[in-house]
Structure formats: C-alpha cells, structure tokens
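Asks:
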Amino acid sequence: MQIEREATGSDLVLKVSGRLDTPNAKPFEQSLLAAVAETSGRITVDLAGVDYVSSSGLRALLVAGKAMRAAKRELALRALQPQIREVFDISGFSTLFEIT
Amino acid sequence: MLAFAELLAGLGLLFVGLKFMSAHLQQAMGRRVRALLKAATRSRLIGFVCGAMTGAIAQSSNAVTLIAANLVRGGVLTTREAIPVVAGANVGTSALVFIAAIDTRIAVLYLVGLVGCSYQFKLDRKPVQREWMGVLLGLALLFLGLELIREAPTTIALKDAAALLSGIGPFLGFGIGLGLALVTQSSSTATVLCVAAVQAEMIGLHDSFFVVLGANFGSGLATLLSAGGLHGTGKQLCFVQIIVRGVGCLVVFLAWAAAAAAGLSGGVTFSSISSGGTSFAISIIFLLLQLSGGLAAIAFLGTTEALARRFSPPNREDHVSRPHFITDDALGHVSTALDLAARETDRLIRHLPDLLPDLDQSGADDAKVRAIQWRGAAAIARATDVFLVELIDRQPVREDLDIALALQHQQGLIEALQDTLKSFADAIDSFPAPPPLAFNLCESLRAIVLELADTRGGSAAEFDLLIALTAERSEILERIRRTLSTAALGTAEEARTLLRALSFFERAVWLVHRLAMTLRPAANEANRDLAGDHLTRDEADAD
C-alpha cells in the first residue's frame, strides 16, 4: 500500500493505492489520524488506486471519520472503483462519508 | 387384525401418555427441578435424593442427565456434584415401572372422569392447574395404553406369540431390551413394555430378566447418543450414566448367577423377594439395577469421576461455555446480580465478531473453532437469560426491575444475533471460494459487528453513528437481489446460497440496529451505569 499527500491550503488529499487489508489497516489508520492532527481543513481520501477493501480497511476509515466528526470537520472519499463502492453501499459506510 | 390394531393403539397411547405426562410435569415442576438440582451440591446423599425426585418428576433419567450436563457445562454444578444426581434420577424413574405393575383398570376410569369433569367445570383456569390436568391425562392415556397391550394378545394367537417369545435366551433377551431402550430412549418405558408382556403371559420372568438388563444398559447408550451437542466436561455425565448402568447390570447379574449356582432359580428368588407376582419381581429387578449401579458410583465417586473425565476430557468449549461473571450466589443481592448480568451481556457483545469468518485472513480462520465459539456463546446467553428470569422472579424494586427487563430484552436480541451470525457464517463457509458478493457481504457485516463490539459502553454520539450505519438499506439489498435473480452466476446453487446469505445479512444488520438503540446511553441511562467498566478490544482478545 502507498499513500501520497497533496496539500492545497488547509485541505489535504490522500491518494491511496494497493490493498486496504488487515496488514495495511493499522499503518493506513495511523496515516489518516496523523493527517487529521496536522491539518485544519477538509481531508479527501482518493481511493482510485485501491482494488481491495476488507473490514479492517473499512474500520480504519471509520476511526478517521469519527476523529474528523469530533473536530467538526469532514472526511470525503473519491474515485471509488465499482467493486469498492459496492462494499461501502452494502456496509452502510457510504452514508457516513461524502463520496464523490 | 383388530387385535394387532389394539396392540398398536396400546403402544401409541403408552408413548403419547408418557410424552404428555413428562412434558406437563416438567412445565408444572420445571423451576423446582432446577432448584432441586442446585440443592444437590450440599452432599452426596442430598444429591442422590434430589436426583431421585427429579427423575420421578421428569420420568426420564435421560432428560435429567442432559439438564445436569448443561448445568455442568454452564459451571452451575461440577461433574463430581452431578454424579449423585444422575445416579438418583435412575432410581426416580422406577416409580413408573412400579405403577405399571399394579392393576390400573379402575385408576384409568377415575383419572379420565376426574380430568374430564375438571375441564367441563373449568378447573383448569390457572396455568399450574392446567399443567397438572395434563399430567393426569397423560397418566390416564399411559394406563389405557398398558391395558390395551395386556388385553390384545389374549384375543390373538396368544400361544403362537408365547411360543415365539418363550426361551428367547439371555443374549437375544439382552439385545431386545437394548434395542427397545435405544428406540424409546428410556429404560423405564422398555421395562414397562416388558411388564405388559409378562402380564399377558407372552414372556416368562427368566427371559424378561435379560430384557430388563438390556434395557438398563441400552438407556445409558441412548443418553450418549442424544448428547450430540455436548462435548468435553458437558459430556462426562453421559459416560457416568453408562458406568452406572453397566455396574448395575453386572451386580444384579452376579446376584442372579450366584442364586443359580446355589441351586436356586433367579426368577423364583426374585419372585419370593417381591412376594407380589412376576410383575413386581420385574419392578424389583429394575429398582435393584438402579440402586446397585447408583450407590456404587457414589461410593466410588472419585473413580467414577476419573473414568468419565478420561472418556471425555475437558476441552476448549468448556472454557468458552462458562459464564465469567454471573453466579447463583449473587442472586441474593439484586444490584450486584444486575451488575454481573450487565457485564456478562457486555462480554457476549464483545465476542460477537468471533462468530464471523475473517475472509481477509482465511488461513487464520477456522470454521470448527467458530462453531465452538458459537455453542459456548449460546450457552452463556441461555445461562444469563435464566439468571435474569430468576432475578425478576424475586420481585425486585421497580428501578431494578426496569433494568432487569432491559437486560433481558438485550439478551433476546443478542441470542437472535448469535444465531443469525452463525447461519450467515454457515452460508459463507459453504462456498469453496467465496464469490465477490459473498466477500463484500461478509466483510461489511464484520465491520458492522466489530463497530458494535467497540461502541458498547460508548457515548450517545458513538451509538448514533452506529444507528446511522445500520439504518434501513432495503434499496441496495433489493437491487442486489434483482441482480442475483437475473445475472449469469456460476450455478443456481451459488445464487440461492448468496440470496440466503443476503437475507441473514439483512436480519443481522437489523438486529445490530435494534441492539444499538437499546444500548444507547440516553435510551437506557441506568443500564449504562451498570455496564460501566468495559474492557477494551485488546483486553477482550486476551480474555
């Protein structure tokens, strides 16, 4: 798994590629939480390069989403591949995040 | 032909009567049975007497053994404490054999009259009275069945039947008794049939001795066969039954053989002891089988326990089936009992994710381990439910009653969720390689249940998030259903399994939603206080 950061003012885009599975979930969660702490604006996670999401990957996003909610900010997701979008729809996670 | 029909009707009435009587007796005395079994821990003698009483109530040592085995699995009794109960239960079932040995024709008439008049004059309004009416009606049907069995052979070729059964010999007699006990799952029922055959002069005392011996041993095997769901410590009592029955057979057979060696007929000896005819002699033999085996097991309690432990050593299921917090001692102090029940509920929720496959780490996942986890979790949920019912029965103050009822409601949801997750996991496990939709459903449900496990004891805002996450989603699921109906999948069986998994998924999400609403602090502030000290997920993993 690889994560690229693109900052625009106070906003941040995280471009993720690879698999969001159990071994990668913890580093992914730590990167997200670090981004929440470092920035004051909106965070967008670009999932165009992600072709696999497990329950651990979903939970990492949820932890970051909660942290953003507590800070009264929004975590957005974008460019989900169709099979990844289906996981988000079935699990109900698409109702918790803004997806573009 | 009519006589055969009478014989068949007699057997039918006998079985229906037994079932009817046993079911109503357990309803009428069910709570006392549990209290009796719990009182058994005081001493061996009390355990034996309690076992005899429960055996007489349930009229099935098999049922008492399985109830006691579940109490052992739940940690209420130890195997050592339960051995006298099992031994006593066998003695209790002798009551039916003695009743069958007496002339019941007049009793049947009185019983039917009594029950009929009671129904006509509405004396069955109260539930307890209704159950006792059921017991009496069951007894009447049983007696009527016995009468039909006794009478039927006199109208058919009695001599032919007697000739067929005469001199069946020890081995065949033993085999017939063993088979009857395995089919009827009861040594007393098999012996009652033997008594009827003796009364109809179809069989002599010598042959019926070996039939009763076989029935006694067969009943022990029947207990083991009907304990399919029990493993480890829970199964030890089934082996105790076999030991008790086997020792009983050996002791009584040696006494019979000793009488023969001394130049006496075993049959004559037992008849003279009973001084009440052949039927009573059989009842006495049955009672001696139970007493000799039972008393030997109690006298050599340590050896019996060691043997049972050797046949069925403790396993992982024993650990996961045992409640960690609730104990019967706590029932005397309501607030402590509620606190413990809340902690047990909390623990059950924490372990819910263990019931689902982890497809992301398929190498580390084991369906057999998950099945053990499910059986253990279900046993704890049942034990907690019983604990709460007993607590509510003690009529606590209003505030405590509200908390107990809320916990009971949560227990109901947890039990339903456990079963739904098991069914969902079974559907997923049935795929040699789960298709993408099965993977997505499984990982989605796992994420939701993991969130439930982590949110317990959390703030209202965290529960609101979970409630939103598990909100209605019929649109997407309906779309998937339509796709499954029309898409070209691998096989029709695959589509059917996916549809089944989808239904279980939908139900599981709905149950998590309902559970989250009952656990949300604002909805149940008092309960939140009780369940205060929640363990973290890491601590849970170490548990």
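Order-wise, the sequence lines are chains X and U. Sequential numbering of the first sequence, starting at 1, is according to full-length UniProt numbering. Sequential numbering of the second sequence, starting at 1, is according to full-length UniProt numbering. Note that CB positions come from ideal geometry on N, CA and C, so glycine has one too.
(1) Assuming I149(U) and G10(U) form a contact by the criterion Cβ under 8 angstroms, report the distance between their Cβ atoms to the nearest whole angstrom.
(2) Helix, strand or coil for D529(U), going by three-state DSSP, please let me know.
(3) Flag F463(U) as yes if its beta-carbon sits less than 9 angstroms from any beta-carbon of chain X, otherwise no.
(4) Just checking, does the stretch 191-201 of chain U make contact with the stretch 83-103 of chain U on the three C-beta pairs under 8 angstroms criterion?
(5) Under 9 angstroms, Cβ to Cβ, is there at least one residue of chain U near V87(X)?
(6) Jot down the residue ranges of each uninterrupted alpha helix (DSSP H) in the stretch 332-375 of chain U, minimum 4 residues, whole runs only, in chain order.
(7) Going by beta-carbon coordinates alone, are V252(U) and L288(U) separated by less than 9 angstroms?
(8) Any beta carbon from chain U within less than 9 angstroms of G18(X)'s own beta carbon?
(9) Quick one: complete beta strand (DSSP E) runs, 3+ long, within the UniProt domain "STAS" (1-100) of chain X?
(10) Does the beta carbon of D21(X) come closer than 9 angstroms to any beta carbon on chain U?
(11) What in chain X is Cβ-close to A468(U), meaning under 7 angstroms?
(12) Beta-carbon within less than 7 angstroms of I349(U)'s beta-carbon, same chain only, minus the 5 sequence neighbours each way: which residues are those?
(13) With respect to the alpha helix (DSSP H) encompassing S292(U), which residues constitute its N-terminal and C-terminal limits?
(14) Cβ closer than 8 angstroms: which chain X residues qualify as neighbours of I448(U)?
(15) For residue 120(X), count the other beta carbons within 10 Å of its own beta carbon; 16 or more makes it buried, fewer makes it exposed. Which is it?
(16) What's the call for F4(U), buried or exposed, on a 16-neighbour Cβ count within 10 Å?
(17) Answer yes or no: does any C-beta atom of chain A fall closer than 9 angstroms to that of V509(U)?
(18) What residue does the alpha helix (DSSP H) around E431(U) start on, and which one ends it?
(19) Taking 8 angstroms as the threshold, find out whether the stretch 56-67 of chain X comes into contact with the stretch 83-97 of chain X through three or more Cβ pairs.
(20) Closer than 9 angstroms, CB to CB, is P435(U) near chain X or not?
(21) Take A52(U) as the anchor and find which of V72(U), A69(U) and A87(U) has the nearest alpha-carbon.
(22) Note the first and the last residue of the continuous alpha helix (DSSP H) segment covering Q241(U).
(23) As a quick exercise: from R5(X), K26(X) and A60(X), pick the residue whose alpha carbon is nearest that of T44(X).
(24) Just checking, does the stretch 330-349 of chain U make contact with the stretch 395-414 of chain U on the three C-beta pairs under 8 angstroms criterion?
(25) So with Cβ pairs under 9 angstroms, would you call L62(X) a contact of chain U?
(26) Is the CB-CB distance between L469(U) and F424(U) below 9 angstroms?
(27) Does DSSP put L477(U) in a helix, a strand or coil?
(28) Can you name, in chain order, every residue of its own chain whose Cβ lies under 6 angstroms from the Cβ of G223(U), other than the five neighbours on each side?
(29) So does the stretch 404-413 of chain U actually touch the stretch 433-450 of chain U, counting three or more Cβ pairs closer than 8 angstroms?
(30) Judging by CA-CA distance, which residue of R375(U), T384(U), A371(U) and T304(U) is the nearest neighbour of D346(U)?
(31) Please determine if the stretch 71-79 of chain X and the stretch 104-115 of chain U are in contact, where contact requires at least 3 C-beta pairs separated by less than 8 angstroms.
(32) Given that Q395(U) touches chain X, what residues does it touch there, using C-beta distances under 9 angstroms?
(33) Checking 9 angstroms against the spacing of the C-beta atoms, do G177(U) and F143(U) come in under that value?
(34) Can you name, in chain order, every residue of its own chain whose Cβ lies under 7 angstroms from the Cβ of L291(U), other than the five neighbours on each side?
(35) For A471(U), which residues in chain X fall below 8 angstroms Cβ to Cβ?
Replies: Looking at the atomic coordinates:
(1) By one-based count along the second sequence, residue 149(U) stands at place 149. By one-based count along the second sequence, residue 10(U) stands at place 10. With a Cβ gap of about 4 angstroms, I149(U) and G10(U) count as contacting.
(2) Stepping through the second sequence from its first residue, residue 529(U) is reached at position 529. Its pLDDT being 44, under 50, D529(U) is placed unreliably by the model, and the measurement read from it follows with that caveat. Correct three-state label for D529(U): helix.
(3) If you number the second sequence from 1, residue 463(U) lands on position 463. Taking Cβ atoms only, chain X never reaches closer than 9 angstroms to F463(U), which makes this a no.
(4) yes
(5) Here residue 87(X) corresponds to residue number 87 of the first sequence, with the count starting at 1. Taking Cβ atoms only, chain U reaches closer than 9 angstroms to V87(X), which makes this a yes.
(6) 334-350
(7) On the second sequence, residue 252(U) is found 252 positions in, with the first residue counted as 1. On the second sequence, residue 288(U) is found 288 positions in, with the first residue counted as 1. Cβ distance < 9 angstroms, so V252(U) and L288(U) count as in contact.
(8) Reading the first sequence from its first residue, position 18 is the one you call residue 18(X). Not closer than 9 angstroms to any Cβ of chain U, the Cβ of G18(X) fails to qualify, so no.
(9) 2-8, 11-20, 43-53 and 75-78
(10) Here residue 21(X) corresponds to residue number 21 of the first sequence, with the count starting at 1. It does; some Cβ of chain U falls within 9 angstroms.
(11) As a working mapping, residue 468(U) is identified with position 468 in the second sequence. Going along chain X in sequence order, the residues near A468(U) (Cβ under 7 angstroms) are T95 and L96.
(12) On the second sequence, position 349 is the one that residue 349(U) refers to. Cβ neighbours of I349(U) beyond the five flanking positions: I414, L452, A453 and R456.
(13) Your numbering for residue 292(U) matches position 292 in the second sequence. That run of the alpha helix (DSSP H) goes G277 to A299.
(14) For the purposes of this step, residue 448(U) is identified with residue 448 of the second sequence, where counting begins at 1. Near I448(U) (Cβ distances below 8 angstroms), the residues of chain X are S91 and G92.
(15) In the structure displayed, chain X extends from 1 to 100; residue 120(X) sits before or after that span and is not available.
(16) Mapped onto the second sequence, residue 4(U) falls at position 4. Its Cβ having fewer than 16 others within 10 Å, F4(U) is exposed.
(17) Absent here is chain A; the protein component of the structure consists of chains X and U.
(18) As a first step, residue 431(U) is located in the second sequence; it is residue number 431 there, counting from the start. Per the sequence presented here, residue 431(U) reads as Phe, with Glu not at that position. Segment: none, F431(U) is in no alpha helix (DSSP H) and carries neither H nor E.
(19) yes
(20) Counting from one through the second sequence, the residue named residue 435(U) turns up at place 435. Not closer than 9 angstroms to any Cβ of chain X, the Cβ of P435(U) fails to qualify, so no.
(21) Locating residue 52(U) in the second sequence gives position 52, counting from the first residue. Nearest option by C-alpha distance: A87(U).
(22) Position 241 of the second sequence, counting from 1, holds the residue named residue 241(U). Here the alpha helix (DSSP H) through Q241(U) covers T233 to A261.
(23) Position 44 of the first sequence, counted from the start, is the residue given in the question as residue 44(X). It is R5(X).
(24) yes
(25) Numbered from 1 along the first sequence, position 62 holds the residue referred to as residue 62(X). Chain U contact via Cβ: present.
(26) Your numbering for residue 469(U) matches position 469 in the second sequence. Your numbering for residue 424(U) matches position 424 in the second sequence. No, Cβ-Cβ distance for L469(U) and F424(U) is not below 9 angstroms.
(27) As a position in the second sequence, residue 477(U) is number 477, starting the count at 1. Helix.
(28) As a working mapping, residue 223(U) is identified with position 223 in the second sequence. Note on residue identity: the sequence assigns Thr, not Gly, to residue 223(U). Same-chain partners within the cutoff: N62, T65, C238 and Q241.
(29) no
(30) One-based indexing of the second sequence puts residue 346(U) at position 346. Of the candidates R375(U), T384(U), A371(U) and T304(U), the one whose C-alpha sits nearest the C-alpha of D346(U) is T384(U).
(31) no
(32) Numbered from 1 along the second sequence, position 395 holds the residue referred to as residue 395(U). Those do not exist, as Q395(U) stays about 42 angstroms from chain X at its closest Cβ, beyond 9 angstroms.
(33) Along the second sequence, one-based indexing puts residue 177(U) at 177. Along the second sequence, one-based indexing puts residue 143(U) at 143. It is not a contact, given that the beta carbons lie outside the stated cut-off.
(34) Here the question's residue 291(U) lines up with position 291 in the second sequence. Excluding positions up to five away in sequence, the list reads V91.
(35) Translated into positions along the second sequence, residue 471(U) becomes position 471. Simply G92 and T95.
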